[in-house]
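Written below as structure tokens is the structure these notes are about.
4 protein chains.
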Amino acid sequence: MSGVWGKNIQYSIFGESHGKAIGINMSGLPSGIPLDLEFIKSEMARRAPGKDELSTPRAEKDEFEIISGYFNGYTTGTPLCALIWNSNKLSKDYDKLKTVMRPGHADYTGYLKYSGFNDYRGGGHFSGRLTAPLVFAGAIAKQFLNEKGIIIGSHICQIGTIKDTLFDAVNLCSEQLNELHKSNFPVIAAEKAAAMKELILNAKEDRDSIGGVVEAAIINLPPKLGSPFFDSIESQLAHLLFSIPGIKGVEFGAGFEISKMRGSEANDQLYIDKGIVKTYTNNSGGILGGITNGMPVIFRAAFKPTSSIGKPQNTVDIEANDNVEIQVTGRHDPCIVQRALPVVEAAAAMAIFDIMKGQIQ
Amino acid sequence: MSGVWGKNIQYSIFGESHGKAIGINMSGLPSGIPLDLEFIKSEMARRAPGKDELSTPRAEKDEFEIISGYFNGYTTGTPLCALIWNSNKLSKDYDKLKTVMRPGHADYTGYLKYSGFNDYRGGGHFSGRLTAPLVFAGAIAKQFLNEKGIIIGSHICQIGTIKDTLFDAVNLCSEQLNELHKSNFPVIAAEKAAAMKELILNAKEDRDSIGGVVEAAIINLPPKLGSPFFDSIESQLAHLLFSIPGIKGVEFGAGFEISKMRGSEANDQLYIDKGIVKTYTNNSGGILGGITNGMPVIFRAAFKPTSSIGKPQNTVDIEANDNVEIQVTGRHDPCIVQRALPVVEAAAAMAIFDIMKGQIQ
Amino acid sequence: MSGVWGKNIQYSIFGESHGKAIGINMSGLPSGIPLDLEFIKSEMARRAPGKDELSTPRAEKDEFEIISGYFNGYTTGTPLCALIWNSNKLSKDYDKLKTVMRPGHADYTGYLKYSGFNDYRGGGHFSGRLTAPLVFAGAIAKQFLNEKGIIIGSHICQIGTIKDTLFDAVNLCSEQLNELHKSNFPVIAAEKAAAMKELILNAKEDRDSIGGVVEAAIINLPPKLGSPFFDSIESQLAHLLFSIPGIKGVEFGAGFEISKMRGSEANDQLYIDKGIVKTYTNNSGGILGGITNGMPVIFRAAFKPTSSIGKPQNTVDIEANDNVEIQVTGRHDPCIVQRALPVVEAAAAMAIFDIMKGQIQ
Amino acid sequence: MSGVWGKNIQYSIFGESHGKAIGINMSGLPSGIPLDLEFIKSEMARRAPGKDELSTPRAEKDEFEIISGYFNGYTTGTPLCALIWNSNKLSKDYDKLKTVMRPGHADYTGYLKYSGFNDYRGGGHFSGRLTAPLVFAGAIAKQFLNEKGIIIGSHICQIGTIKDTLFDAVNLCSEQLNELHKSNFPVIAAEKAAAMKELILNAKEDRDSIGGVVEAAIINLPPKLGSPFFDSIESQLAHLLFSIPGIKGVEFGAGFEISKMRGSEANDQLYIDKGIVKTYTNNSGGILGGITNGMPVIFRAAFKPTSSIGKPQNTVDIEANDNVEIQVTGRHDPCIVQRALPVVEAAAAMAIFDIMKGQIQ
């Protein structure tokens, strides 16, 4: 029942796609952080729609307004609340959808849970637009982590069946992550980008959509973060990641592939390199017993294809209590994966920020 | 930092593999549940070691002793604490491992996090043995859910590269789940069992181990459970699942496969069947917007191969600050997947029990 | 570290006295509550400053703007965030106080905790102005409770040494509470009001302030609310009450007086009246073992005199690291007790709303 | 619904007065604390019954058994669970009370809340005996705090109407607290002890009981602990204190007396003494804006007289649904205040331990 997450930094999300504004309140921030507003804007721009033919033409600038907790250029340490006003609302588009449940969306479950009182316009609180406040919070978290040398990065590791090269989980360096960060369509194997884009545009032409996978990494994390059992690093990262609309799978290190291995292959053998304990491989994704070991934390998140598609689909009219056909018009992304990268990174940054605030001060 | 999980039922786990006892305290249980002690015992027997040649010869009966919260055959509603005494302890086996970090285990991260004060014998608090209290709590949760008609079941869906048939996510019935529950080595495609067992025994012969995947299902769940964002059903199930030692991946519904689909294939189209809204397919795994839709909830968890193997491995002696070779002797499971089924089911039961206690009373 | 409270309804407060706005985000609200905006306004008007000579001349209308979670006149069930814009800000008044710590205020502790980065203007986040969002949230909670017949009321039970008659804890009725609710200066013994007001005005004339006590009651509460130990009704009410700036004592039922009694006097003896179990007396304040028994819940909260006074006081200049004299100018309340009644009621309503949402649905 | 408290150290309490054992699980303890078992025993002995004619003759040694989280003399950092076995149980005493609700006890509210399934023997989970695990946890917390120079002490500041001298809130020193700690009946004004004891023995002779007040202090606390609003030091201390059976009032600093003061008297004026900011008075009890200021934290808790008295009282038989008379036989304390001192100190230590673990590491 909760729109609040975090033990040490408490993130409270609110808002609906076509309401006045969406936003987030962050309680527990350290004081004295000189916010880099330009960095926050650039992170939000990475997620913002309407940039190119690969994404929805809904053009939202996603400008944020900090309401509290920020004074003379620094965080005060008291709750920081930020709003993102909804400017480009075309609510009429959605009026006819009030009782017709879009397949793949939360229309039906939202209708049930809230007894029909939920704001159905554009998915309301379930909208992917609610990831904008996550990116805002994540940008602040990233700034905190960056100052400690911790870098979070990601790439499109799969669109449909086309796969990018995976991260080198042992030798991953900040240069590569920074390079990927600059790209609008970040892939490791540059030659894969064109085929991936073609797949997206093909789907678009067909009034359809396509899914994909994001691979992310956190490097330079101190060891000792996390706990056995209920607050394992995997538990906390997965908790936040599965809050992001559209994610249906999360795996760490070798992930599902590790299930095919023998122990002698899967175990990351250790050695000492100039006084630092390292592992030859990194199948564990930098986490053992729920705790970081100092190697890169690597994970992947599987995104389903955008639920809004122009093709006719079977569904129900919940008030008429009857089967109907639906064709979702309006402005949609043929693929959300490339826009989801900053969201995945933000969720990871939010989680690590919370954990570090509790463990290392 | 937390050994406590749950909002409405609070599970507090404690204990070390070779300490006096392991156990769990459950706060927030409903009063008046007539505990089915035989059922709890049978669930714990499913997980218990030493049953056959596929698992470790450490023979623990895993008998539990309820300390509180249980009176005249019923739960009192006040905290129920149960202990499982450690009877078959061979601590000497582990003395030499005090400073030599076993690859794949949490020895190194535990050493760091607890500054060397952790109980290193048999992995201490990180031991897979700590899943016994989870199965205890899960059995109570299951009893509660069963009374509402909700059934949780699972099968071995993969050992190494050998894959079982997946659940029919649309037409899954209690008969199938009950049938699987009776088996020591539950698979859907019976002919796969022999090959899987062979793979395990081969690994055993080679003093090695092998990983696998568990697929689980929850049927007859009421719709409306869960929330958008931070308390999505996926978030809460994944949080608990990733607390189980050895799990490196979790996926719901079509999971990672959904990322290869187009929206027109991935979207579960809806229809009304005798007044009930259903979907033709169930790629979403019964969850949309973080909320159950009444269809079966399906998920898979990837287990890494057992970390303890008899083969020589490279590692470090943390006190000698040097590279060493290790050969882990003692009693190990060549594969934990078949023993993990009740643990995965227990985690799911614990999570759903907590969620239902908060939403439906 | 937390600006968030509540298990079932999560209240997240934010804002500073002289920032852009103050506000609150409420997560976990039931859907379908037709908000009575006029009632919310009237509750906020009870707290609002500038009404008469007994309170500060800072005239804030305390108009709220609902940002989310409210659609077509009903709560949606998704987080409801409301802002109260700060309109009447005279920040210059406070510039000279930046480093001079006002006695009785949180200036010094805030400076330390936030390393000088806190918004010092008007007390910033520590300001009594932050009680406005509490009254907003409390009004929604009250509406929910009122629909179940539960009424929360209060009176000024003490100003300085002048004491009002206490509630009749056994026979307290809604008529009396409703009558008190209408008054700007609610007392039970009407004749005490004049003397109390005189005390306040005398303090004002002397550029001083005066303290007092609020007595509050919650009637028609169902029995069974609350828990033994950590979630006792007293624990939860006191937790929220002690969040209100200026409260230094909280007592339930006979409170500190019960410590002077013998058991034979203090014990509330029971009897059955038309099938309902009642008590002859109500020294326990309607709570036994942390759980409501169906009798009125009665409590009192002691407020210190307003910290801002015009008289010269000794203090320190934290940057000059020296002793200085201060005379707090600006707009102050000579007494906050009469304005605190709706805040105390709001805190009680917020707590009971949270508890009931968890227990009774 | 919660038997768990704490954000950074999570305390999970369990057990019933006449069940197998009572206990507590502590999650989040630092590793490497060499537990002073003798100190824990001595703290538990302070609370233990049966020591003299002032308390109940139920002789329980309150010996604890640590089950987990303790290895080779040090805390491991993983959950520490301790049991206190119930040895001296006379359950038959209580059988006749199964349906007759003892006035002043939680019999009726417990019966309602748990639908009659609660363990009614000796109050079950509501028993004052459950404060033994609190003292155990408090002793560990105290050891942690003592190492940082922080000392918690208390005295009987009132029995019935006889009042002890209050602490000097400004000049309170460790010598005085240590002196009080040694006494079985700690008062500041030694001459008051005899009259207080006489009052208790008089009540005992009359088969009655008497209430009282405990005053406690925490000295050498670092400033900056706590937060504005929902995690104020007062909120957190009061939350735990009101969990202790029998407490009906809690006040900080001047407490209810501050409500009679003018601001010019109540405000604690500041000055710099050798570079340290101090206050001339300490009416705030060392807490401003919910945050410690470095002065002693002072608070008082009002205890009701023991509910169990031998005098005849009116009550109800809940199953017979009729009015009856009850005379509570068995072993009772005529006054619990002198045994409550270590419990009050333990609650304070537990709360401060939790807060410091989160803020200072």
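Protein chains in written order, with the UniProt record's numbering: chain A, 1 to 361; chain B, 1 to 361; chain C, 1 to 361; chain D, 1 to 361. Cβ coordinates follow ideal geometry from the N, Cα and C atoms, glycine included. Please read these numbers as outputs of a predicted model, since none were measured by experiment.
Asked	Found
Pairwise C-alpha distance: B:V135 and C:D354	31 angstroms
Whole-number beta carbon distance between B:L225 and B:Q359, since they are thought to touch under 8 angstroms	6 angstroms
Short-range partners of chain C found in the stretch 101-118 of chain A, where Cβ spacing is below 9 angstroms	G110, K113, Y114, S115, G116, F117, N118
Beta-carbon gap between A:I84 and A:A132 smaller than 8 angstroms	yes
Straight-line Cα distance separating C:K278 from C:G253	15 angstroms
Buried versus exposed call for B:Q327 [16 or more other C-beta atoms within 10 Å across all chains shown]	exposed
Contacting residues, own chain, Cβ-Cβ under 7 angstroms from D:G255 (five flanking each side not counted)	R300
Endpoints, alpha helix (DSSP H) assigned at D:M26	Segment 21-27 is the beta strand (DSSP E) holding D:M26; no alpha helix (DSSP H) there.
Range of the contiguous alpha helix (DSSP H) that encloses A:G69	A:G69 -> no alpha helix (DSSP H), and no H or E assigned at all.
A:I291 vs A:I233 beta-carbon contact at 8 angstroms	yes
Residues from the stretch 6-33 of chain C in contact with chain B, defined by Cβ distance under 8 angstroms	K7, N8
Of the listed residues B:D119, B:F144, B:E43, nearest to B:G32 (C-alpha basis)	B:F144
C:V100 in three-state terms, based on DSSP	strand
8 angstroms Cβ cutoff, C:H125 in contact with chain A	yes
Closest by C-alpha distance to A:V214, when choosing among A:K248, A:F230, A:H239	A:K248
Pick from B:S27, B:M26, B:Y70 that is closest to D:S17, judged by C-alpha positions	B:Y70
Where the stretch 214-240 of chain B meets chain A: residues whose CB sits under 9 angstroms from a CB there	P223, K224, L225, G226, S227, P228, F229, F230, D231, S232, I233, E234, S235, Q236, L237, A238, H239, L240
Own chain partners of A:K165 with C-beta closer than 7 angstroms, once the 5 adjacent residues on each side are dropped	Note that residue 165 of chain A is Thr in the sequence shown here, rather than Lys. Within the same chain, A:T165 has close Cβ partners I188, A189.
Interfacial residues, the stretch 71-82 of chain A to chain D, with Cβ spacing under 8 angstroms	T78
Reference B:K163; option with closest CA among B:A193, B:V250, B:G153, B:A216	B:A193
Bridge-paired residues (DSSP) for B:T292	B:I287
Beta-carbon proximity list for C:I287, same chain, < 8 angstroms, skipping 5 on both sides	G226, S232, I233, E234, F252, G253, N293, V297
Residues of the stretch 248-268 of chain A whose Cβ lies closer than 9 angstroms to any Cβ of chain B, in chain order	K248, G249, V250, E251, F252, G253, A254, G255, F256, E257, I258, S259, K260, M261, R262, G263, S264, E265, A266, N267, D268
Whether C:A216 touches C:S154 by CB criterion (8 angstroms)	yes
Within chain C, the residues that A:G69 reaches when beta carbons sit closer than 7 angstroms	F14
Proximal chain A residues relative to B:S209, where beta-carbon distance stays under 7 angstroms	R262, G263
Neighbouring residues, chain G, relative to C:S2 (Cβ below 9 angstroms)	Judged by its chain identifiers, the structure shown contains no chain G, and its protein chains are A, B, C and D.
For A:F303, the first and last residue of its enclosing alpha helix (DSSP H)	First-last for A:F303: 297-303, but that is the beta strand (DSSP E), not the alpha helix (DSSP H).
Residues of its chain near C:C173, where Cβ-Cβ distance is below 8 angstroms and the 5 sequence neighbours each way are ignored	I219
Unbroken stretches of the beta strand (DSSP E), 3 residues or longer, contained in the stretch 181-255 of chain A	212-219, 247-252
Chain-ordered chain B contacts of A:A203 [CB-CB under 8 angstroms]	R262, G263
Inter-residue CB distance, residue 447 of chain B and A:P334 (contact presumed, cutoff 8 angstroms)	Any property of residue 447 of chain B remains undetermined from this structure, which presents chain B solely from 1 to 361.
The stretch 338-357 of chain C / the stretch 35-51 of chain C touching (three or more Cβ pairs under 8 angstroms)	yes
N- and C-terminal bounds of the alpha helix (DSSP H) containing C:N146	131-146
Residues near D:P30 in its chain [Cβ-Cβ closer than 8 angstroms; skip 5 each side]	T75, G77, F144, K357
For C:P103 and D:K260, the rounded distance between their alpha carbons	18 angstroms
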